[in-house]
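**Student:** Here the protein sequences line up with chains A, B, C and D, keeping their order. Basically our numbering = 1-based index in the first sequence + 1. Basically our numbering = 1-based index in the second sequence + 1. Position 194 of the third sequence, counted from 1, bears residue number 190 in our numbering, the numbering being contiguous throughout. Position 235 of the fourth sequence, counted from 1, bears residue number 231 in our numbering, the numbering being contiguous throughout. Built from N, CA and C at the ideal position, the CB exists for glycine as well. Right, I'll just put the structure down here and ask away after.
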Amino acid sequence: MGKYEYEDRLTDIGPPLYKDMLPPVITKNFGQWKYHEILEPGVLVHVAESGDEIYTVRAGGCRIMSIEHIREICEIADKYCDGHLRFTTRNNIEFLVSDKSKLEPLKKDLASRGNKFPIGGTGAGVTNIVHTQGWLHCHTPAIDASGIVKAVMDDLFEYFTSMKLPAQVRISLACCLNMCGAVHCSDISILGIHRKPPLIEHDRLDAVCEVPLAIAACPTAAIKPKKVKLDDGKEVKSVEVNEPRCMFCGNCYTMCAAMPLADAQGDGIALWVGGKVSNSRTPPTFSKLAVPFIPNEPPRWPSTVKAIRKIVEAYAAGGKKYERVGEWIARIGWERFFEVTGLEFKHQHIDDYRLAMTTWRTTTQFKF
Amino acid sequence: MGKYEYEDRLTDIGPPLYKDMLPPVITKNFGQWKYHEILEPGVLVHVAESGDEIYTVRAGGCRIMSIEHIREICEIADKYCDGHLRFTTRNNIEFLVSDKSKLEPLKKDLASRGNKFPIGGTGAGVTNIVHTQGWLHCHTPAIDASGIVKAVMDDLFEYFTSMKLPAQVRISLACCLNMCGAVHCSDISILGIHRKPPLIEHDRLDAVCEVPLAIAACPTAAIKPKKVKLDDGKEVKSVEVNEPRCMFCGNCYTMCAAMPLADAQGDGIALWVGGKVSNSRTPPTFSKLAVPFIPNEPPRWPSTVKAIRKIVEAYAAGGKKYERVGEWIARIGWERFFEVTGLEFKHQHIDDYRLAMTTWRTTTQFKF
Amino acid sequence: MALKRKTPLLDELESGPWPSFVSDIKRMAEKKPACEDLLGVMELSYEEKEGHWKHGGIVGVMGYGGGVIGRYCDRPDLFPEVAHFHTMRINQPTGKYYTTEKLRTLCDIWEEFGSGMTNMHGSTGDIILLGTTTDNLEPCFQALAHEADMDIGGSGSALRSPSACLGKSRCEWACIDTQAIINDLTQTFQDELHRPAWPYKFKFKSSGCPNDCVAAVARADCSIVGTWRDDIRIDQEAVRAYAGGELVPSGGAHGTEKRALDIQKEVIDLCPTKCMEWDGKKLTIYTENCVRCMHCINVMPRALWPGKDVGATILIGAKAPILEGAQLSSVIIPFIKMEPPYDEFKEFVEKMWDWWDENGRNRERIGELIQRLGMRQFLEAVELEPDPRMIKMPRYNPYIFFKEEEVEGGWKRDVASYRKRHQA
Amino acid sequence: MALKRKTPLLDELESGPWPSFVSDIKRMAEKKPACEDLLGVMELSYEEKEGHWKHGGIVGVMGYGGGVIGRYCDRPDLFPEVAHFHTMRINQPTGKYYTTEKLRTLCDIWEEFGSGMTNMHGSTGDIILLGTTTDNLEPCFQALAHEADMDIGGSGSALRSPSACLGKSRCEWACIDTQAIINDLTQTFQDELHRPAWPYKFKFKSSGCPNDCVAAVARADCSIVGTWRDDIRIDQEAVRAYAGGELVPSGGAHGTEKRALDIQKEVIDLCPTKCMEWDGKKLTIYTENCVRCMHCINVMPRALWPGKDVGATILIGAKAPILEGAQLSSVIIPFIKMEPPYDEFKEFVEKMWDWWDENGRNRERIGELIQRLGMRQFLEAVELEPDPRMIKMPRYNPYIFFKEEEVEGGWKRDVASYRKRHQA
Ligand code: SRM
Ligand code: SRM
Ligand code: SRM
Ligand code: SRM
Ligand code: SF4
Ligand code: SF4
Ligand code: SF4
Ligand code: SF4
Ligand code: SF4
Ligand code: SF4
Ligand code: SF4
Ligand code: SF4
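Here it is in structure tokens:
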């Protein structure tokens, strides 16, 4: 039990109360903010009805973070922010400055620390990439997460530190179809996909999985129970996969460790575009397939980086102010999207799942 | 064999060649028309590059038509149209006048024949109601066809003879879910629906149907095979219906006459709105449910007539020029549609079939 | 002549400004007792609120598998004259133009062999001869063939009578000759029309332009819709005349008065892609963004016309709800030239039918089959490349069915070597 | 300190302007051998292009059913230090505000009991403590509770750690106090959070306004989004100042220069309902047509604000693709006041959970259950009336499931009397 006695055990206390950690100026002006302004990329001021101000300096966080790094953040926050900071919903670090005179010194300090605390991520640019675990910790990934994020952010860095795109571009990454994140509704999504049906380890399947659960896991009913004779002649309960019905979702593997999908050649990236979450102007919408497959190319995934840059550049060139990626595509049409990005339109782009019919073009309205 | 010998039997000759029946001015100017103009409701002129003209007088047809009526049409066409006429894709009669001087006499003549040949049906008004057989001839109807059409057209007649609505209003009727017509894509659709699951005639089912076909007919898999003991003790093959899974499509009855659905209380009308077919401005789109159920009220279906009038009047009052019913609703929102028409929004309006999810509101954008 | 039956309910449908089918049937009843019984059946239905017809065994004419709908009254005790009351579907002349001579011949034949009642026309487009007995079918059929040059239309799991908007015969917007096309298809595929051999029905409809006056996209398994690829033709002077109030906008469809057309508000603002500009003198259309919706042309018929590089968009799969729900047709061939003998198109059609025939389940329309097996299988069968014009938007679910041959190294893998890299 | 392993591939990720997780892990590796092995696993994955982690048996802390993800390396032979490498999900303080004191305490505890690596934060919002052994779980948990006032978050078929946008703490647009709401829900439902008892996971997320900065509508089974019902508040003078170029449009989001805002083009033309008018002096918003999309407010933050009659729209059902495909949340309660103690809302939640618990299949999210059983059953269970605000459009298929009690005369019928009216 470590140093605490069983009698003293604390449970169900929940998280610490947020109120206790707000900077005093926020406590004072809670719910009384009047307006905000982004003073430069990554630097915001919020002004209260009372006239009080709070400055925010947003620095890129790479999310996976050592306690050494956190301690460095604390050291900075102590120096310029009276010990107050926060993290954003997209894993950036926000240094909360109550004393305006500390703003410039803070920025200088951050800049002095190499690539650790890039300032930016506000307004009509690219902010941090929401992402997941990848090869760093998860058991079902088709791709790495942090490495790809690093490669893409390095490449798009100019858009992190500026606000010159038509609108916000929200990029997300999920390393498998479980999609831990809002990958299904992002301007650009990077998704890890498998392309080979699961291996089946007949010799241990019955021991490690519940066969009915594995079967029920399959959205396309591709898995059937099967009795298999092993090399040693023993007959065991196992399953078989109707391979042409498999779309590599990996859900069987989630339920049954004896059905691994990962494969160096099979796995890679699909890119998706045009999703959004805000209700601003147009309703929230899903991201749509842009590139069905790009192979895994560690350590810097150059083809993926290039494809994303193509999309961002075409959008930067063609999008109108305020138009999110999906709004831009809606205006120019998908036929033009594939033209201006130079991406190839393939069979995989045409939906063939449950709601496929709703995505087909039932009008003669299109552009030649 | 009647008067023709077997040796002389003609088959697969197909329809008579349309070319042979065109008025000479059309033959001459075929494919060389320059523009048209609706001179008054129901009267069109088409002008060719050559300067030639053809006048068209459109008269309402009630589609079900005796040969006496057709002969009367012929008599008129001989008098004013050199024996030329056509029918439209919505079952109106078009008198084709090559000689302009015969236009006014024709109109006068038509007007003199009581309610037989109302002139109208062009432009931004209500044209003929596309409809089906109903109690006149079909075996699966939930409603009559011609009678309802007559009642509705009598009521909306002012819109047949004028062009003062925001745009074309295309009304269709189908007497059962087979929907023989473009009922699923009309500005206003009148649809016959059943609301009671099929009766099952166990004593003759196996004799008159193929049980597997009846089972396969059901879109919701509500039908299962069942052995039934008849009153006389005989055991027969039959089916049973899981009634809460039945949505009264009648497809079982189509496949199996021992499963009738028709019922005086169960059957009636559902009204649908906002569909269209043309690609003009907005793509073709399905009609959506407006009123889930109105009882059959022969001979003049007053509640149905009233509900349609409500819709048409709300549209006439609120629609902008060129806006089809569906475009009008898209602009004002469904929440407002139900308000301005006074129609009630009910559980049945919310889709619960295969693509239901795509019809739910996944945005905070709506009007209070 | 007074009728022997009382029809008080139906009688209510004689008044009012719209033509009365009741009056018309009554008129026919004077000659045809079947019509009197028909009114009787209807009156009974009006009283009971239930129909009184039933399906029967298959009836038809020799050598044909369809074109006749067998129908029997379920109260032959009350209405013996309509105990058998089948309909014959007669293939309409394309575009539904008639001479009075042709119609009179038809009337005479139907007076001899049937009830005298018709539908002009059925929803598919046929002339419907409404009500006769089994005995009359064959003689009526031959009389029609010999005397009226007419043939039976489709029913059952066969090609149905194709139909068309009036197209080039009387419309300035027709980009294709819908009548020639539909007539050619009808004649070419007589066998498919008369001898049901497919999983289910199949319909062709052709409209000359995207206004789609025959509702092809909603009702035809194969919708052939005229369109163009080049610039909309513009008569700038006429545009100015519209703006100046010298012409009647919309060809009078919204009122026959001349009035100044507000080109910005009534045309450009409603253009789905806003691909137009009007500076008060000149209308510019940026063709690369025009989706050929027809709106501007509809509003200014004396100033704008479709381009000259014309052809058709082929859309596949429309159907009514049974079984899986209604479908509109979907773009399969964005553009195809439609010149006789339409070989390229017909090759496509044959490939499509072969695939459907091979893979379709009983009562599965082509649109449903594409839904079930996926667009890819269909496109591969008809040898077409995927094109973004086929879709509203790419897939948004990640459930992509890659094929084995597309995946480096294929699908065959070796558990043992996997387990060498990854301990269990 | 030089590391013993070579990581040439990972090393490539140290350069470049974006922060390098590789450099950071290396830094930690100086203190923690597990981090060195973590780099080794990663390098191996970079070489082989396959991951090297696996699920294990269930691990956790006493009395809790979740909050810990058991993870094992599949090459313990090569990387013994990470043979066991579980993560602990620690429930974040709402809005993710910290004092450095709190963070330092956290770091110290994690230095003692874990790898020293974290995710700040996980996608659900938790602090992720990345990598420890089974033995350390319980002591770490208690140290966190006693020293940091922190508790474990959710995993498994339980309530997941609710999360919020920063709301009223620093945003002028927050219509509801997202932090108070989410903190209250988190505390109220501690049992549901720590003891999985449901068919599957359940997430709450709350955004203060329709900009939805916590992506609730895409990621939370229950999305609580702030909104208002009355007029948008307008400072007309400030509107004129925007038009006159005296202010920076969009609060600088599109560039920090002052410039004249073209209110017609940049605001009104992009308003989804075009419910605004600007005459050069006065901006009028027709509230009855405003759908509260936020665009105009976003563009003129110094002139426009949400109204005063504030509350939330409750949307239900968002989820990732597994199994049936991804869903966004759908409107279930168009408007609800959200004042503590949130009783009305909590009653709704309890009813929803009861229904889901009773009817949900294993691994069926609430959104999928609504799909399967239909919105009606759900609405009846939570005692809400249907409202057109719940839908984009009414159904377009005619497959309506009427209930027996809605049909006059019910469903029981009599074949014999039917056959009296209709002969077979
Ligand atoms: C800090 C943060 C909330 C938090 O609790 O952490 C936040 C803060 C603000 N958001 Fe946000 N948003 C934050 C995530 C989001 C998200 C969620 C996401 O991306 O996962 C969204 C939805 C994105 C989407 O639609 O896909 C989001 C959609 C918006 C919008 C709508 C943009 C649009 O036009 O679609 C605004 C309005 C604007 O920027 O004009 C907005 C505006 C704002 C404002 C201006 C609100 C205010 O008055 O302070 C804040 C500064 C904006 C900026 O950074 O440019 N915020 N904002 C989040 C910062 C994330 C980051 O580190 O980059
Ligand atoms: C005669 C007919 C074709 C035929 O082969 O028989 C026809 C003829 C014309 N149509 Fe049509 N349409 C005919 C059925 C249709 C249909 C099909 C239907 O309703 O089932 C449609 C699709 C309707 C829909 O979208 O649901 C149709 C959608 C149009 C449109 C597009 C209207 C719109 O804005 O959506 C136009 C253009 C216009 O009117 O501005 C048009 C325009 C025309 C023009 C002006 C074409 C021309 O240049 O001559 C013709 C006279 C229009 C009029 O009557 O106002 N026609 N038209 C059909 C007359 C039916 C009737 O008796 O009322
Ligand atoms: C006569 C006609 C209605 C009319 O009054 O005009 C008609 C009448 C029947 N239709 Fe139809 N359909 C007629 C056009 C249509 C259309 C419209 C069209 O073709 O443009 C449709 C919708 C388009 C489509 O094909 O999907 C149509 C969709 C159906 C369906 C549903 C098919 C589906 O896939 O959803 C059925 C049910 C079936 O096939 O079992 C059906 C079945 C029937 C049957 C054969 C019902 C039956 O099981 O016996 C009806 C015979 C009635 C009778 O007494 O003659 N009828 N039917 C139309 C044919 C006349 C003609 O040849 O011109
Ligand atoms: C850690 C985290 C990713 C990250 O790096 O941030 C994560 C990691 C895992 N997720 Fe997740 N999910 C995480 C947020 C999400 C989100 C985003 C959210 O909550 O906003 C989603 C999408 C929203 C949703 O709930 O649908 C998400 C949708 C899934 C799914 C698919 C669920 C579905 O209904 O489609 C699975 C599959 C499963 O449940 O079997 C899943 C399963 C998993 C598992 C438990 C995989 C497994 O079977 O073991 C992953 C454990 C990885 C690990 O090594 O810890 N995870 N997962 C996130 C939790 C951190 C936190 O508590 O803050
Ligand atoms: S997306 Fe998949 S691989 Fe990545 S963390 Fe989530 S469950 Fe694991
Ligand atoms: S990967 Fe998905 S589709 Fe393939 S067998 Fe497994 S569960 Fe089924
Ligand atoms: S809609 Fe139904 S009832 Fe009416 S004619 Fe067609 S099949 Fe018969
Ligand atoms: S009416 Fe339709 S849903 Fe009902 S049992 Fe028959 S086929 Fe099935
Ligand atoms: S579809 Fe086009 S070409 Fe055919 S009649 Fe209508 S407007 Fe003319
Ligand atoms: S046809 Fe339609 S899309 Fe093309 S310019 Fe005219 S209105 Fe615009
Ligand atoms: S969701 Fe609205 S209230 Fe919350 S931070 Fe974003 S803009 Fe502010
Ligand atoms: S909030 Fe949106 S809908 Fe409302 S007035 Fe502003 S822009 Fe228009």
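Whether or not the stretch 178 to 191 of chain D and the stretch 94 to 105 of chain D are in contact is what I'm after, with contact meaning three or more pairs of Cβ atoms, one per stretch, closer than 8 Å; do they touch?
**Tutor:** No, they do not touch.
**Student:** Locate the beta strand (DSSP E) running through W394(B), then write down its first and last residues.
**Tutor:** There is simply no residue 394(B) to check, as chain B begins at 2 and stops at 369 in what is shown.
**Student:** Ligand 1 and H37(A): does any heavy atom of the ligand fall closer than 6 Å to the residue's C-beta?
**Tutor:** Yes, the beta carbon of H37(A) sits closer than 6 Å to at least one heavy atom of ligand 1.
**Student:** Closest to G327(B) by CA distance: which of L356(B), D188(B) and W136(B) is it?
**Tutor:** Measuring from the Cα of G327(B), the nearest candidate turns out to be D188(B).
**Student:** Determine the closest residue to E284(C) out of V295(C), S111(C) and M272(C), with distance taken between C-alpha atoms.
**Tutor:** With distances taken between Cα atoms, E284(C) lies closest to M272(C).
**Student:** Return no unless some Cβ of chain C is closer than 7 Å to the Cβ of H418(D).
**Tutor:** Yes, its Cβ sits closer than 7 Å to a Cβ of chain C.
**Student:** Round the Cβ separation of R298(D) and Y36(A) to the nearest angstrom and send it over; I've been treating them as touching at under 8 Å.
**Tutor:** Contact flag correct, Cβ pair sits at about 5 Å.
**Student:** Could you tell me which residues DSSP pairs with M272(C) in its beta bridges?
**Tutor:** In DSSP, M272(C) forms a bridge with I281(C).
**Student:** Quick check on this structure: which residue in V287(D), E320(D) and R357(D) has the alpha carbon closest to the alpha carbon of E336(B)?
**Tutor:** For E336(B), the nearest C-alpha among the options comes from V287(D).
**Student:** When you compare each of K230(A), Y7(A), M22(A) and V184(A) to R372(A) by their alpha carbons, which one comes out closest?
**Tutor:** The structure shown does not extend to residue 372(A), since chain A is modelled only from 2 through 369, so no value can be given for it.
**Student:** Looking at the unbroken beta strand (DSSP E) that takes in S203(D), where does it start and where does it end?
**Tutor:** S203(D) -> beta strand (DSSP E) spans F200 to S203.
**Student:** If you measure from the beta carbon of K311(A) to each beta carbon in chain D, is any gap under 7 Å?
**Tutor:** Chain D contact via Cβ: absent.
**Student:** Where does the unbroken beta strand (DSSP E) through P296(B) begin, and where does it stop?
**Tutor:** K289 to P296 is the extent of the beta strand (DSSP E) around P296(B).
**Student:** In the DSSP assignment, what are the bridge partners of S190(A)?
**Tutor:** The partner list for S190(A) (beta bridge, DSSP) reads S173(A) and W273(A).
**Student:** Can you tell me whether V237(B) is helix, strand or coil according to DSSP?
**Tutor:** In the structure shown, V237(B) sits in a strand (DSSP, three-state: E or B).
**Student:** If you reduce the DSSP assignment to three classes, tell me which class L380(D) lands in.
**Tutor:** Three-state DSSP puts L380(D) in coil, outside helix and strand.
**Student:** Excluding sequence positions up to five away, which residues of its chain have a Cβ less than 7 Å from the Cβ of P135(D)?
**Tutor:** Excluding positions up to five away in sequence, the list reads F109.
**Student:** With L174(A) and I149(A) assumed to form a contact (beta carbons below 8 Å), what rounded beta-carbon distance in angstroms separates them?
**Tutor:** Rounded, the Cβ-Cβ distance is 6 Å, consistent with contact.
**Student:** Closer than 6 Å: is that where the CB of Q175(C) sits relative to any heavy atom of ligand 4?
**Tutor:** Checking the Cβ of Q175(C) against ligand 4 gives no.
**Student:** Buried or exposed: where does R255(C) fall if 16 or more other Cβ atoms within 10 Å of its Cβ makes it buried?
**Tutor:** Answer is exposed; the Cβ neighbour count stays below 16.
**Student:** Less than 6 Å between C-beta atoms, sequence neighbours within five positions excluded: which residues of the same chain meet that for T162(B)?
**Tutor:** Cβ neighbours of T162(B) beyond the five flanking positions: P42 and G121.
**Student:** Rounded to the nearest angstrom, how far is the Cβ of T174(D) from that of A160(D), given a contact under 8 Å?
**Tutor:** Contact flag correct, Cβ pair sits at about 4 Å.
**Student:** Buried or exposed: where does D131(D) fall if 16 or more other Cβ atoms within 10 Å of its Cβ makes it buried?
**Tutor:** Classification for D131(D): exposed.
**Student:** In the structure shown, what three-state DSSP assignment does I201(A) receive?
**Tutor:** I201(A): coil per DSSP, three-state reduction.
**Student:** With the cut-off set at 7 Å, would you say R10(B) and A152(B) are in Cβ contact?
**Tutor:** No, Cβ-Cβ distance for R10(B) and A152(B) is not below 7 Å.
**Student:** Since V213(D) contacts A314(D) with CB under 8 Å, what's their CB separation in whole angstroms?
**Tutor:** Correct: roughly 6 Å between the Cβ atoms.
**Student:** How long is the line joining the alpha carbons of A216(C) and F367(A), rounded to whole angstroms?
**Tutor:** Going by the C-alpha atoms only, they are around 20 Å apart.
**Student:** Can we count C292(C) as close to ligand 9, meaning its CB is less than 6 Å from some heavy atom?
**Tutor:** C292(C): no, Cβ never under 6 Å from ligand 9.
**Student:** Give the residues of chain B in contact with K388(D), contact being defined as C-beta atoms less than 7 Å apart.
**Tutor:** Those within 7 Å of K388(D) in chain B are T360, W361 and R362.
**Student:** Which chain D residues sit within Cβ distance under 8 Å of H48(C)?
**Tutor:** Correct list: H418.
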